[in-house]
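Visitor:
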């Protein structure tokens with residue numbers, strides 16, 4: 004069996020739909036995705052525009068939960084955008100960024116037509132994911148100041164115009180603190196102001212993801228942003244591998260946690276469908292995994308620490324963005340290969356309903372773990388291991 | 004779409020194998036289960052015995068990882084047993100337990116023929132999962148002392164005879180501490196001695212799982228047991244919903260963590276394939292989810308807190324036991340409806356290799372979370388929420 008899927012495999016969903024009879028497909032989908040997700044009818048105009056502009060548009064309703072006597076439903080339409088870069092990496096920084104801005108402008112207009120309330124782009128969406136090169140220039144020139152950089156300004160205009168909260172994950176230049184770089188998400192309100200920023204808490208040192216060459220572990224903790232459309236948080240990319248990171252956003256009251264990412268097939272695809280969904284379950288919130296698509300080729304050779312010859316590309320970003328609900332249901336994924344906008348209508352009341360049903364917060368025993376973690380970090384910590392006294396080893 | 008799958012749906016794997024052409028099936032399986040799991044040839048005699056005794060036998064090799072210069076491979080065969088109760092719940096406690104012992108005796112013999120080194124049964128395996136009734140008698144009479152109860156004695160004999168570590172999850176009667184009950188796993192060495200015990204850390208108060216009526220949160224922390232066949236730990240049932248629980252077994256050095264469970268379709272099936280697998284990924288160890296099968300009918304009516312009429316059964320335990328590897332691969336599941344023994348040959352060296360590859364332990368930031376959890380448990384904790392100053396709300 005091949006070690007990983009190639010670009011010809013468009014999506015699990017499309018392959019199953021092609022080969023399975025309708026009644027069998029319904030059961031298989033129930034097994035794979037849980038009971039909650041059904042098709043959402045989107046405006047014909049939005050569908051036409053998406054088709055014309057050559058990106059996928061998929062809509063779902065998360066139909067679980069129940070009416071409450073004391074709170075009206077809080078229906079929110081969540082949007083997730085995945086895209087390839089638009090220009091070769093040899094184009095100027097300005098040209099590359101402008102072309103991606105233009106692409107996202109098309110997609111945000113369609114998100115607005117679909118009445119999306121909160122939307123998030125992929126990690127470092129204004130640039131190729133150039134950290135594999137370990138070169139600093141020109142790539143660090145994609146970095147911008149969080150509050151008033153050109154990308155934040157660009158999105159703030161759309162946020163206000165469309166009455167849409169926009170999560171803007173960029174490479175940040177922190178001019179106030181020694182010009183250092185961060186991997187940051189800027190939370191832009193539907194009123195057009197920046198509510199705040201949140202930084203990537205866990206930085207990979209794995210394969211081509213040489214990101215610690217560029218920026219350090221985030222120093223903004225686990226902030227949650229209260230918007231007109233619910234309490235949102237952002238767990239950037241590699242942070243999705245750390246359940247304790249997801250957990251703290253839940254402790255701080257998040258109802259939707261976005262996971263803007265950039266990850267490739269050979270490395271992480273068996274993990275992708277598991278991690279954000281597990282977070283939604285364990286923390287009784289909606290989790291949104293977003294991954295870019297396409298293969299990015301860089302001007303100079305680089306190596307990948309895997310003994311293979313130097314090369315100019317590090318593989319296929321497999322997209323597959325999806326939204327998971329607190330009851331364990333999930334939407335189908337976007338394509339593995341094409342740009343796309345995913346829209347899901349969710350009732351945020353489901354978060355508290357699932358807390359009440361499952362009681363994970365009530366039974367969480369954070370006191371036990373605060374103590375256990377505090378002991379475990381001591382350099383002289385001894386693991387709690389009981390050896391078999393009769394062992395021959 | 005139906006809210007949950009019924010007993011006619013034997014398994015996702017069997018349905019896909021029935022309907023998909025071989026080349027498509029291979030890709031779908033790669034998408035669903037990752038690259039690591041291939042069929043393991045088991046002895047013909049074992050297969051015959053399993054067939055004769057009417058239980059499934061499935062074997063896999065987890066073929067990932069690499070040769071190291073400094074350590075030989077540490078191949079271990081892990082076994083997972085799922086089973087239905089064998090007698091009606093109206094039979095005497097002694098009869099019910101004896102019949103289950105007899106059933107497991109058959110399955111352990113086959114496990115031995117398959118060269119299983121470490122095996123685990125499902126949660127409270129000697130009894131029906133009677134906690135839904137909220138009745139104390141006769142159900143609490145299934146409880147036994149951990150170190151010298153009849154079930155531990157029964158298994159200790161087999162453990163020594165078969166040179167097999169056996170994890171024995173029972174309802175424990177703690178005579179030394181006020182005769183209280185615990186939900187406990189007894190770790191029996193391949194030399195026939197009890198290495199120690201470990202108790203269920205998180206107790207559900209959900210639906211029919213009225214378990215806090217019977218026993219409290221465990222007081223044994225996150226012990227790991229060093230055996231001739233690797234370092235093992237046990238995360239019992241509802242503890243699988245708590246990633247911080249899985250995490251602490253990893254911190255204490257576990258290489259295989261068993262999750263003996265009892266759970267039913269309408270409640271948890273969308274969660275089942277996610278949680279143990281996420282734990283294997285996040286903690287770089289093997290995780291083994293085990294769930295009972297069958298529908299258990301009790302003599303007296305009980306209610307389920309769901310507004311429905313009183314009834315005598317609380318649904319279908321959906322089996323689907325599986326083993327997940329630290330690289331995110333997983334084996335196919337056992338059936339949703341039949342007794343079964345799952346065997347997987349694994350190289351425990353893969354645990355450290357995945358720690359080296361992904362660096363999740365290195366990047367875990369336990370200091371941050373020790374501090375965050377310690378603050379979060381204070382009654383006057385204020386969540387770290389930034390409100391949009393322009394919000395109308």
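Residue numbers (my numbering), protein chains in the order written: chain D, 4 to 396; chain W, 4 to 396.
The beta carbon of each residue, even a glycine, is placed where N, CA and C say it ideally should be.
1) Which bits of chain W does residue 379/D rub up against, with CB to CB less than 7 Å?
2) For residue 5/D, which residues in the same chain have their Cβ closer than 6 Å to its Cβ, ignoring the five residues on either side in sequence?
3) How would you label residue 381/D, buried or exposed, when you count the other beta carbons within 10 angstroms and need 16 or more for buried?
4) Out of curiosity, what's the CA-to-CA distance linking residue 303/W and residue 190/W?
5) Expressed to the nearest angstrom, what Euclidean distance is found between the alpha-carbon atoms of residue 18/D and residue 323/D?
6) Determine whether the beta carbon atoms of residue 142/D and residue 172/D lie at a separation below 8 Å.
7) Which same chain residues, not among the five before or five after residue 44/D, have their C-beta less than 8 Å away from its C-beta?
8) Give me the Cβ distance between residue 295/W and residue 56/W, rounded to the nearest whole Å; I'm assuming they're in contact under 8 Å.
9) Identify which residue in 353/W, 83/W, 247/W, 266/W has its Cα closest to the Cα of residue 75/W.
10) Taking DSSP as the reference, what is the three-state secondary structure of residue 319/D?
11) Give a yes or no on whether 8 Å exceeds the smallest Cβ distance from residue 187/D to chain W.
12) What is the DSSP secondary structure of residue 252/W, reduced to helix, strand or coil?
13) In three-state terms, what does DSSP make of residue 5/W?
14) For residue 331/W, does the three-state DSSP call read helix, strand or coil?
15) Starting from residue 373/D, find everything on chain W with Cβ-Cβ shorter than 7 Å and list it in chain order.
16) Within 10 angstroms of the Cβ of residue 137/D, are there 16 or more other Cβ atoms? Answer buried if so, exposed if not.
17) Which full runs of the beta strand (DSSP E) of 3+ residues lie inside the region 23-60 of chain D, going along the chain?
18) Residue 85/D by DSSP, collapsed to three states: which one?
19) I'd like to know whether the C-beta atoms of residue 279/D and residue 292/D end up nearer to each other than 8 Å.
20) Look at the Cβ atom of residue 389/D, then the Cβ atom of residue 198/W, and state whether they are nearer than 8 Å.
21) Which residues, in order along the region 252-282 of chain D, keep a beta-carbon less than 7 Å from a beta-carbon of chain W?
22) If you draw a straight line from the alpha carbon of residue 345/D to that of residue 234/D, how long is it in whole angstroms?
23) Mark residue 440/W as exposed unless 16 or more other C-beta atoms lie within 10 angstroms of its C-beta, in which case mark it buried.
24) So if I threshold CB-CB distances at 7 Å, which residues from the region 283-314 of chain W count as touching chain D?
25) Determine the burial state of residue 1/W: buried for a count of at least 16 other Cβ atoms within 10 Å of its Cβ, exposed for fewer.
26) Return helix, strand or coil for residue 360/W, following the three-state DSSP convention.
27) Identify the contact partners of residue 363/W in chain C, using a Cβ-Cβ distance below 8 Å as the criterion.
28) Here's the rule I'm using: 16 or more other beta-carbon atoms within 10 Å means buried, otherwise exposed. How should residue 26/W be labelled?
29) Here's a check: name, in chain order, each residue in its chain whose Cβ is nearer than 7 Å to the Cβ of residue 256/D, leaving out the five neighbours to either side.
30) Suppose you measure from the CA of residue 9/W to the CA of residue 284/W; what does that come to, to the nearest Å?
31) Cutting at 7 Å between CB atoms, please list the residues of its own chain near residue 394/D, excluding the five before and the five after it.
32) For chain D, is any of its Cβ atoms less than 8 Å away from the one on residue 120/W?
33) Thinking residue 68/W and residue 342/W are a contact (beta carbons under 8 Å), I'd like their distance in whole angstroms, please.
34) Taking DSSP as the reference, what is the three-state secondary structure of residue 383/W?
Guide: In short:
1) 254, 369
2) Because residue 5/D carries a pLDDT of 48, less than 50, the predicted location of this residue cannot be relied on, and the following value inherits that uncertainty. Correct list: empty, nothing qualifies.
3) exposed
4) 34 Å
5) 14 Å
6) no
7) 62
8) Their Cβ separation, rounded to whole angstroms, is 17 Å, which puts residue 295/W and residue 56/W out of contact at 8 Å.
9) 353/W
10) strand
11) no
12) helix
13) With a pLDDT of 48 at residue 5/W, under the threshold of 50, the modelled position of this residue cannot be trusted, and the question is left open.
14) coil
15) 373, 376, 377, 380
16) exposed
17) 40-42
18) strand
19) yes
20) yes
21) 254, 255, 256, 273, 274, 277, 278, 280, 281
22) 20 Å
23) The structure shown does not extend to residue 440/W, since chain W is modelled only from 4 to 396, so the question has no answer here.
24) 284, 285
25) A query on residue 1/W cannot be resolved here, the shown segment of chain W reaching from 4 to 396 and no further.
26) helix
27) Included in the structure are the protein chains D and W, with no chain C among them.
28) exposed
29) 227, 234
30) 30 Å
31) none
32) no
33) About 31 Å separates the two Cβ atoms, so there is no contact after all.
34) coil
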